[in-house]
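One structure is given here, and the rest of the page talks about it.
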Amino acid sequence: MRRLPPSKWDTVRSLLADTPENCSALFLLDSAVSTVIVDHEQNPNFVSISYPHTTPPLYFLYGQAEQLIFIQRFLGQLKHPADLVVTRSLFPVASRFWPVRFAIPVLFLAAPTSWRPQSAADFRIRLLHPEDVGLLRKGFAVEDWLWDFFATPEALLANGQVTAAFIDGEIASVATTLAYSPRYSELGVATRPEYHGRGLALECARALSRIQFEEFGRLPCWRTHTGNIGSWKTALRLGLEETPHSEQFIFLSNYEHLGAKATVAP
Numbered sequence: 005m006r007r008l009p010p011s012k013w014d015t016v017r018s019l020l021a022d023t024p025e026n027c028s029a030l031f032l033l034d035s036a037v038s039t040v041i042v043d044h045e046q047n048p049n050f051v052s053i054s055y056p057h058t059t060p061p062l063y064f065l066y067g068q069a070e071q072l073i074f075i076q077r078f079l080g081q082l083k084h085p086a087d088l089v090v091t092r093s094l095f096p097v098a099s100r101f102w103p104v105r106f107a108i109p110v111l112f113l114a115a116p117t118s119w120r121p122q123s124a125a126d127f128r129i130r131l132l133h134p135e136d137v138g139l140l141r142k143g144f145a146v147e148d149w150l151w152d153f154f155a156t157p158e159a160l161l162a163n164g165q166v167t168a169a170f171i172d173g174e175i176a177s178v179a180t181t182l183a184y185s186p187r188y189s190e191l192g193v194a195t196r197p198e199y200h201g202r203g204l205a206l207e208c209a210r211a212l213s214r215i216q217f218e219e220f221g222r223l224p225c226w227r228t229h230t231g232n233i234g235s236w237k238t239a240l241r242l243g244l245e246e247t248p249h250s251e252q253f254i255f256l257s258n259y260e261h262l263g264a265k266a267t268v269a270p
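Okay, so the sequence shown: first residue is 5 according to the numbering used here, each after it adds one.
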């Protein structure tokens, strides 16, 4: 097992198609502070892509179940609380060599190629700017998963995008770019409890998906699970569809989730 320097990540990047399932991993491959571990430098058969700022750390694992020695060696090093996203083919191996305490299939949704954005119907929604970071941090301090792969809300506003719905001068709901690739933009939404049921998350997602499509040509995609009904219903109303490989990836943890809540999804 060896850690690849960023200068050699093109080898790994070439192995991952630009699909909704790979959007997060491809995004991390554009961050110099990510960590990439492989079995063989020139022709990797096992790959781990992770980001140091998520808590607990999240690892995207790619490989074949036949790579038992390398997978066992890698998982044996993960003694601390951690989350993994693995393919179904790797799940039996991971559960054999790692103390899995939580597992759930990941539901992926994405816009079809014929998708075109709708205008947000709510006039209270606008794009946030760097000077709005205080409002974002104040309104969603607990939902720091909104900027997981950016490390800070400042970095999210500088390198990603956020749309927000305002009520009485306060941010009531947001949609953020959790990650993006050349082809896709993975969106996340959150609404403060007192504003639930007003459709604000959908309107924020509509506004952000329109901006991402018109400025960068990216189609919206979504990562969630079937138990998060509000999340996948919002994705469907946005016009997204379940991908052909949806639920072929499993989210795993080596610790218990209170109330069966996982950070696999918005």
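For glycine and all other residues, C-beta sits at the position ideal for the given N, C-alpha and C.
Please read these numbers as outputs of a predicted model, since none were measured by experiment.
For residue i, I'd like the list of residues in its chain whose CB is within less than 6 Å of its CB, leaving aside the five on either flank, ordered along the chain.
i           : result
residue 103 : 258
residue 187 : 22
residue 228 : 111, 235, 236 and 269
residue 179 : 167, 191, 193, 208, 209 and 212
residue 261 : 106
residue 90  : 65, 98 and 254
residue 75  : 97
May I have the straight-line CA-CA distance separating residue i from residue j, to the nearest angstrom?
i           : j           : result
residue 205 : residue 173 : 17 Å
residue 144 : residue 59  : 16 Å
residue 9   : residue 105 : 32 Å
residue 71  : residue 108 : 23 Å
residue 225 : residue 163 : 18 Å
residue 36  : residue 12  : 11 Å
residue 52  : residue 69  : 14 Å
residue 232 : residue 244 : 16 Å
residue 14  : residue 199 : 44 Å
Output the boundary residues of the alpha helix (DSSP H) element that contains residue i.
i           : result
residue 153 : Residue 153 -> no alpha helix (DSSP H), and no H or E assigned at all.
residue 97  : 95-101
residue 130 : Where residue 130 is concerned, there is no enclosing alpha helix (DSSP H), although the beta strand (DSSP E) it sits in stretches over 129-131.
residue 255 : First-last for residue 255: 253-257, but that is the beta strand (DSSP E), not the alpha helix (DSSP H).
From what residue to what residue does the beta strand (DSSP E) around residue i run?
i           : result
residue 226 : 223-228
residue 167 : 166-171
residue 37  : Per DSSP, residue 37 belongs to no beta strand (DSSP E) and is neither H nor E.
Any idea what DSSP makes of residue i, helix, strand or coil?
i           : result
residue 74  : helix
residue 176 : strand
residue 144 : coil
residue 18  : coil
residue 88  : strand
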